[in-house]
Amino acid sequence: MSWTWATRRHVYRAQGRCLTQKVKSLTPRSSLPSNGDIDPTSIYFPPNVPLHLKLGQVRRKPKAKLKIPILFLFICRQQKPNKNSFKTLTSSPSQKMPRKGMRSLCFSSRTPSFALSRQSMSPSTTSLSSTPRRRISESMIEQTIDDAATIIMKWDADASAYAKVTSLFYESKKEAMQFIRSVNELQKIMHLLVSEDSGSEKLVLAQNLMQISMKRLQKEFYQILSMNRAHLDPESVSTRSSRTSARSSLSDYDDEGSTEDEIRAAGDSISEVEEVSSMAMSDLKSIADCMIASGYAKECIHIYKIIRKSIIDEGIYKLGIEKMSSSQINKMDWDVLDLKIQNWLEAVKVSIRTLFTGERILCDHVFAMSDSIRESCFTEISKDGAMLLFGFPELAAKTKRSPQEKMFRVLDMYTAMSENWQEIETIFSFESTSAVRSQALNSLVRLSESVRSLLTDFESTIQKDSSKVMIPGGGLHSLTIYSMNYLTLLADYSNVLTDIISDWPPPAKSSLPKSYFDSPYSDDTPVPAISVHIAWLILVLLCKLDGKAKHYKDVSLSYLFLANNLQHVISRVRTSNLQYLLGEEWITKHEAKVRQFAANYERLAWGHVFASLPENPTSSMSPGEAKECFRKFNSSFDDVYWKQSSCLVPDSKLRDEIKLSIARKLVPVYREFYDTQKSTFGDERTARLFVRFSPEDLGNHLSDLFFGTVNSGSSSTSSSTSSHRRRMR
Numbered sequence: 001m002s003w004t005w006a007t008r009r010h011v012y013r014a015q016g017r018c019l020t021q022k023v024k025s026l027t028p029r030s031s032l033p034s035n036g037d038i039d040p041t042s043i044y045f046p047p048n049v050p051l052h053l054k055l056g057q058v059r060r061k062p063k064a065k066l067k068i069p070i071l072f073l074f075i076c077r078q079q080k081p082n083k084n085s086f087k088t089l090t091s092s093p094s095q096k097m098p099r100k101g102m103r104s105l106c107f108s109s110r111t112p113s114f115a116l117s118r119q120s121m122s123p124s125t126t127s128l129s130s131t132p133r134r135r136i137s138e139s140m141i142e143q144t145i146d147d148a149a150t151i152i153m154k155w156d157a158d159a160s161a162y163a164k165v166t167s168l169f170y171e172s173k174k175e176a177m178q179f180i181r182s183v184n185e186l187q188k189i190m191h192l193l194v195s196e197d198s199g200s201e202k203l204v205l206a207q208n209l210m211q212i213s214m215k216r217l218q219k220e221f222y223q224i225l226s227m228n229r230a231h232l233d234p235e236s237v238s239t240r241s242s243r244t245s246a247r248s249s250l251s252d253y254d255d256e257g258s259t260e261d262e263i264r265a266a267g268d269s270i271s272e273v274e275e276v277s278s279m280a281m282s283d284l285k286s287i288a289d290c291m292i293a294s295g296y297a298k299e300c301i302h303i304y305k306i307i308r309k310s311i312i313d314e315g316i317y318k319l320g321i322e323k324m325s326s327s328q329i330n331k332m333d334w335d336v337l338d339l340k341i342q343n344w345l346e347a348v349k350v351s352i353r354t355l356f357t358g359e360r361i362l363c364d365h366v367f368a369m370s371d372s373i374r375e376s377c378f379t380e381i382s383k384d385g386a387m388l389l390f391g392f393p394e395l396a397a398k399t400k401r402s403p404q405e406k407m408f409r410v411l412d413m414y415t416a417m418s419e420n421w422q423e424i425e426t427i428f429s430f431e432s433t434s435a436v437r438s439q440a441l442n443s444l445v446r447l448s449e450s451v452r453s454l455l456t457d458f459e460s461t462i463q464k465d466s467s468k469v470m471i472p473g474g475g476l477h478s479l480t481i482y483s484m485n486y487l488t489l490l491a492d493y494s495n496v497l498t499d500i501i502s503d504w505p506p507p508a509k510s511s512l513p514k515s516y517f518d519s520p521y522s523d524d525t526p527v528p529a530i531s532v533h534i535a536w537l538i539l540v541l542l543c544k545l546d547g548k549a550k551h552y553k554d555v556s557l558s559y560l561f562l563a564n565n566l567q568h569v570i571s572r573v574r575t576s577n578l579q580y581l582l583g584e585e586w587i588t589k590h591e592a593k594v595r596q597f598a599a600n601y602e603r604l605a606w607g608h609v610f611a612s613l614p615e616n617p618t619s620s621m622s623p624g625e626a627k628e629c630f631r632k633f634n635s636s637f638d639d640v641y642w643k644q645s646s647c648l649v650p651d652s653k654l655r656d657e658i659k660l661s662i663a664r665k666l667v668p669v670y671r672e673f674y675d676t677q678k679s680t681f682g683d684e685r686t687a688r689l690f691v692r693f694s695p696e697d698l699g700n701h702l703s704d705l706f707f708g709t710v711n712s713g714s715s716s717t718s719s720s721t722s723s724h725r726r727r728m729r
């Protein structure tokens with residue numbers, strides 16, 4: 001606002017003479033009337049003053065034709081004004097001029113004025129007790145205005161170069177508080193003058209002082225906000241709100257073995273930061289309270305919003321959150337989008353726990369005087385950044401990606417939102433921030449819908465797998481490995497998945513054989529929806545594997561294939577959170593199925609070898625019968641061993657169990673037969689022609705099975721097979 005020196009000629013028509021006086025006017029250029037009339041709307045009155053009082057302050061005698069208004073604005077623009085000058089300038093006109101002349105030129109009041117002369121007061125209308133009260137009140141009013149003028153004019157930036165470049169709150173906190181108190185007292189006096197003497201020149205003087213003081217406080221408010229950005233950043237404010245955070249930082253120094261001096265220095269540093277932050281917040285609150293109480297809330301709020309919004313916007317930008325459209329995200333490579341999602345996961349933690357929390361704390365503190373103002377400020381400052389932050393998950397969830405790429409990032413975003421939901425509702429609890437809460441909720445809903453859709457796609461991927469490639473050796477199918485990796489990771493999100501699919505209808509079983517319907521969970525037993533769905537997905541996988549096993553021409557190999565793949569499923573369940581979702585009963589039941597598959601493999605693959613040995617290995621035989629039995633056994637064992645040496649059992653536990661089961665059925669019987677019939681061949685040279693395997697050789701051969709390699713022949717020596725076994729292990 002530009003202030004000018006204006007010299008006005010005030011014509012006093014009293015006692016037949018003209019009095020010309022030059023006065024200093026602090027009236028803004030824009031408010032100077034061109035025609036000399038007084039504009040009552042340019043005079044400040046507190047908000048609670050009725051309109052008819054405001055408009056009634058300017059009354060002229062109808063016959064008066066003066067074009068120049070009488071406006072007594074006697075303010076000495078000095079750094080230390082003379083208090084007595086205000087008394088002289090504000091009281092002399094009413095004492096020298098007749099009451100009639102003054103009424104025709106000056107403001108009239110509908111309430112009794114303190115400027116009434118004693119001659120106009122009759123004893124019948126004025127009590128003795130009221131006269132001292134009026135004199136004391138007038139004296140107090142003048143003293144209050146004089147005291148306020150002294151400190152306000154001292155810090156008028158337009159009147160003093162020193163005040164223009166110096167910060168009041170930085171220079172002297174004591175004087176700053178005195179300044180605030182003087183303004184508050186001045187405001188009370190203005191309310192009193194409006195109610196008792198609204199036409200008083202003191203009211204005009206007080207209003208001009210108020211404008212100067214508000215201009216000063218605006219400058220101080222701006223300087224404190226600008227110069228203390230580092231100490232009023234959301235992180236510092238949020239840390240200050242909890243002394244525990246600061247103390248935990250000190251304990252971190254202690255844990256790292258720091259010296260006492262380092263710990264003390266760290267504590268002093270934290271205390272210093274907190275002290276500066278606390279002082280700045282206290283000063284801002286004092287200024288805001290004063291300006292709001294004085295009717296200058298708009299100016300105060302405007303400064304606060306501009307500076308603090310820039311801090312929030314800058315914080316969001318530095319966290320890597322930028323405005324993007326759905327088309328932009330859909331065009332991104334997955335690697336780029338994945339990096340943006342990872343960045344968002346970190347940004348949302350910092351934003352909620354530090355950025356928005358700190359800003360809410362600061363806003364609530366500075367504008368604690370007015371609920372509506374602090375709501376308005378916080379909403380305008382934080383709304384844009386919050387909408388940008390909480391809108392990203394909704395956009396990312398709409399992208400079309402394969403389940404294995406997208407599912408777990410979607411679950412990560414859902415987890416981040418759900419874990420911080422209570423803080424989001426607390427920080428953005430205002431009615432005007434309901435759009436932020438709605439955006440966060442929309443993102444949660446969209447993420448949950450995406451998870452359900454991806455689970456459906458995953459099930460469909462299993463069912464639609466049309467690969468007819470037979471896995472060599474009956475090993476693990478790639479579908480089994482992929483599916484169990486996927487389900488194992490899903491189990492780590494069991495808590496959020498429980499929320500997401502809690503109201504999801506159970507899967508339909510019509511597409512599966514009835515033999516697969518048996519489940520450890522009865523229809524009457526309440527089971528978590530996530531457990532039912534995981535069990536269902538594994539069941540779909542096992543059904544698909546059962547169909548793929550039928551492609552093997554060797555039936556025994558198909559059973560080994562089923563045993564291997566089911567054992568892999570059980571192993572992944574036991575070593576992950578799936579065990580808590582499916583339960584021990586489910587594991588026990590499917591382990592029994594593995595043993596059944598292994599037994600079927602053993603019976604079909606090794607049955608001919610078992611049958612080649614006599615039922616009673618110790619019974620007496622002729623040399624010819626013994627030779628025939630050994631010949632049949634040698635042929636059967638060679639044939640089966642050659643075929644089964646290419647079989648693969650990846651799980652070491654299952655591999656050992658199958659080999660041990662075969663050895664228990666084969667080696668003891670063969671040993672008895674070998675020991676009984678070896679002597680029937682006479683010399684050892686003849687025996688070697690018919691007896692190709694010793695009992696130890698059988699054990700060594702069996703130990704080399706199920707590693708998925710084919711040996712050079714069945715006639716390898718014990719030492720060579722032992723060496724091969726060590727290499728494979």
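Numbering (the UniProt record's numbering), first residue to last: 1 to 729.
Using N, Cα and C, we set each Cβ at its ideal position, and we do this for glycine too.
Note to self: Short of 7 Å in beta carbon distance, which residues of its chain neighbour D465, apart from the five on each side in sequence? Order them along the chain.
What the structure shows: L479 and K544
Check: Would you call the CB atoms of D639 and H568 closer than 8 Å?
Finding: no
Next item on the list: Below 8 Å on the Cβ atoms is my guess for M646 versus G607; work out the distance and round it to an integer in Å.
Entry: Note that residue 646 corresponds to Ser in the displayed sequence, not to Met. Actually they are not in contact, since the Cβ atoms of S646 and G607 sit about 19 Å apart, beyond 8 Å.
Margin query: Considering Cα atoms alone, identify which of D197, S182 and V183 is closest to E138.
Written below: D197
Margin query: Nearest by alpha-carbon distance to L560: which of S576, S278, E201 and F597 is it?
Written below: F597
Check: What residue from R181, H191, F390 and R216 has the CA that sits closest to A159's CA?
Finding: R216
Item checked: Whole-number beta carbon distance between M369 and A288, since they are thought to touch under 8 Å -> 7 Å
Checklist line | Assigned secondary structure, F707 (DSSP; H/G/I helix, E/B strand, else coil) | finding: strand
Check: Just checking, does the region 278-288 make contact with the region 223-234 on the three C-beta pairs under 8 Å criterion?
Finding: yes
Margin query: Rounded to the nearest angstrom, what separates D554 and N420 at their Cα positions?
Written below: 57 Å
Check: How is the alpha helix (DSSP H) around H551 delimited, first residue to last?
Finding: No alpha helix (DSSP H) holds H551; DSSP gives it neither H nor E.
Margin query: On the DSSP bridge list, what partners appear for Y648?
Written below: For the sequence presented, residue 648 should be read as Leu rather than Tyr. For L648, which the question treats as bridged, DSSP gives the partners F707.
Item checked: Buried or exposed by the 16-neighbour rule on C-beta atoms within 10 Å, applied to G385 -> buried
Notebook entry, point to check: For M190, which option in E220, K219, F169 and E142 has the closest C-alpha, if you only look at C-alpha atoms?
Noted result: E142
Next item on the list: May I ask you to report which of helix, strand or coil DSSP gives M413?
Entry: helix
Item checked: Buried versus exposed, by CB contacts within 10 Å (16 or more), G624 -> exposed
Note to self: Just to confirm my understanding: we take P614, look at its own chain, exclude 5 residues before and 5 after, and list those with CB closer than 7 Å. What are they?
What the structure shows: C629 and F673
Next item on the list: Using the Cα positions of P393 and S576, report the straight-line distance between them to the nearest angstrom.
Entry: 28 Å
Notebook entry, point to check: For the 8 Å Cβ check, are there 3 or more pairs between the region 312-327 and the region 289-300?
Noted result: no
Margin query: For R360, report the span of its alpha helix (DSSP H) as first-last.
Written below: T357 to V366
Item checked: Reference E584; option with closest CA among S531, L441, A230 and H551 -> S531
Next item on the list: Note the first and the last residue of the continuous alpha helix (DSSP H) segment covering L479.
Entry: S478 to A491
Notebook entry, point to check: What residues in its chain sit with their C-beta under 7 Å from that of S382, if we drop five residues either side in the sequence?
Noted result: I312, F356 and E359
Checklist line | Within 8 Å, strictly: CB atoms of S167 and E220 | finding: yes
Notebook entry, point to check: Just to confirm, are I373 and R452 a CB contact at a threshold of 8 Å?
Noted result: no
Next item on the list: Classify V469 as helix, strand or coil using the three-state DSSP reduction.
Entry: coil
Check: What alpha helix (DSSP H) runs, 4 residues minimum, are completely inside the region 544-608?
Finding: 555-574
Item checked: For R664, the three-state DSSP class (helix, strand or coil) -> helix
Checklist line | Meets three-Cβ-pair contact criterion under 8 Å: the region 346-355 and the region 326-338 | finding: no
Check: Is it true that the CB of Q644 sits closer than 8 Å to the CB of A599?
Finding: no
Item checked: Residue interval of the alpha helix (DSSP H) (run including L389) -> D371 to A397
Check: Can you tell me where the alpha helix (DSSP H) with Y304 in it begins and where it stops?
Finding: A297 to K318
Next item on the list: Below 8 Å CB to CB, which residues in the same chain sit around S418 once its five sequence neighbours on both sides are set aside?
Entry: L444, V496 and D499
Notebook entry, point to check: Do you know whose CA, among L490, V527 and N485, lies nearest D503's CA?
Noted result: V527
Notebook entry, point to check: Could you give the distance in angstroms between the alpha-carbon of S172 and the alpha-carbon of I152?
Noted result: 14 Å
Checklist line | Beta carbon proximity, R216 to chain B, threshold 8 Å | finding: Here there is only one protein chain, and chain B is not present.
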